[in-house]
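In our numbering, the protein residues as written are 2 to 269. So the structure is just underneath, and the comments pick up after that.
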């Protein structure tokens, strides 16, 4: 673990009461910029003797994201996360997405109900499966998470056909990923290279001691940029204006995306 991340986790004594879920809650708070993580923990944590292999279900209808997470805290340093624990997420999504709420243990039924209701109301655009641990990340773990993701996609189609979930993905939140997420909270801009925008024109706005430009770029260009930089791309308070192009949403073909650049705008 990097020194900065280790120090940050050590300083979070307020999360010590959650035991092996301390790292999981820290990761969730960093990823979603949650102010009151204790309140979220009361609703989202499902860890227990009959938790059906998932430790947390977090639903954020404001952003359209939901997270199903499994956490593992090794007692001694390990070369990688425990792949068998990652495989538990396959069991988790099967129980969570395929079983009626009345068949779930009371300890997890409340969190499951929140997710089911959000899916039924078509309030979830992205479902994410997380395996959070304190070891280096590995392809063995990624393989297990891919299998769990495929199961989740299938069950969503079968049990929640009305839910237009655009993305079902997985994230191994090991040493590298959590260190990057934490660094993003400490460093304003993580992507420091100069980018050449594929544009033919722009709109200039200015005010007292500031200037900004508004441009339109292709969604493909933005997608390729995200593939290269991942979540680091969104550091520095970049704000994006998306149009809903899902079937039935009233949108049209999605050739372009408007981007409002809120950082160093006068230097573009």
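Think of the CB as a built atom: it goes at the ideal place given N, C-alpha and C, for glycine as much as any other residue. The model shown is predicted, which means the values in this text are computed figures rather than measured ones.
Among the options, which residue has its Cα nearest to the Cα of residue i?
i           : options               : result
residue 69  : 79, 75, 45 and 78     : 45
residue 94  : 150, 218, 121 and 234 : 150
residue 214 : 208, 203 and 222      : 203
residue 72  : 57, 106 and 223       : 57
residue 62  : 122, 139 and 13       : 122
residue 92  : 67, 55 and 43         : 55
residue 158 : 130, 120 and 187      : 120
residue 156 : 96, 218 and 131       : 96
residue 135 : 99, 80 and 105        : 80
residue 101 : 161, 132, 75 and 77   : 161
residue 220 : 152, 200, 163 and 211 : 200
residue 112 : 78, 140, 59 and 38    : 59
residue 234 : 172, 217, 164 and 182 : 182
residue 153 : 109, 131 and 30       : 131
residue 140 : 110, 116, 230 and 174 : 174
residue 116 : 90, 74 and 164        : 164
residue 178 : 22, 10 and 28         : 28
residue 9   : 172, 99 and 186       : 186
residue 47  : 36, 22, 33 and 223    : 22
residue 31  : 133, 110 and 65       : 133
residue 217 : 205, 37 and 228       : 205
residue 104 : 53, 40, 209 and 33    : 53
residue 5   : 224, 137 and 180      : 180
residue 1   : 210, 192 and 208      : No statement about residue 1 is possible, as the shown extent of the chain runs from 2 to 269 and does not include it.
residue 67  : 114, 75, 78 and 11    : 114
residue 78  : 228, 138 and 207      : 138
residue 65  : 37, 36, 118 and 26    : 118
residue 7   : 176, 210, 230 and 231 : 176
From the DSSP output, which residues share a beta bridge with residue i?
i           : result
residue 158 : Answer is none; residue 158 lacks a bridge partner.
residue 208 : 211
residue 173 : 132
residue 8   : Beta-bridge pairing links residue 8 to no other residue.
residue 168 : 127
Can you tell me where the alpha helix (DSSP H) holding residue i begins and where it ends?
i           : result
residue 130 : Not the alpha helix (DSSP H): residue 130 falls in the beta strand (DSSP E), residues 127-134.
residue 220 : 220-230
residue 115 : 107-121
Q. Whole alpha helix (DSSP H) runs in the segment 19-98 with 4 or more residues, listed along the chain?
A. 23-33 and 38-45
Q) Are the segment 124-136 and the segment 161-169 in contact at 8 Å, needing three or more beta carbon pairs? A) yes
Q.
Between the segment 136-146 and the segment 76-91, can you find at least three pairs of beta-carbon atoms closer than 8 Å?
A. yes
Q. Do three or more CB pairs link the segment 17-24 to the segment 194-211 at distances below 8 Å?
A. no
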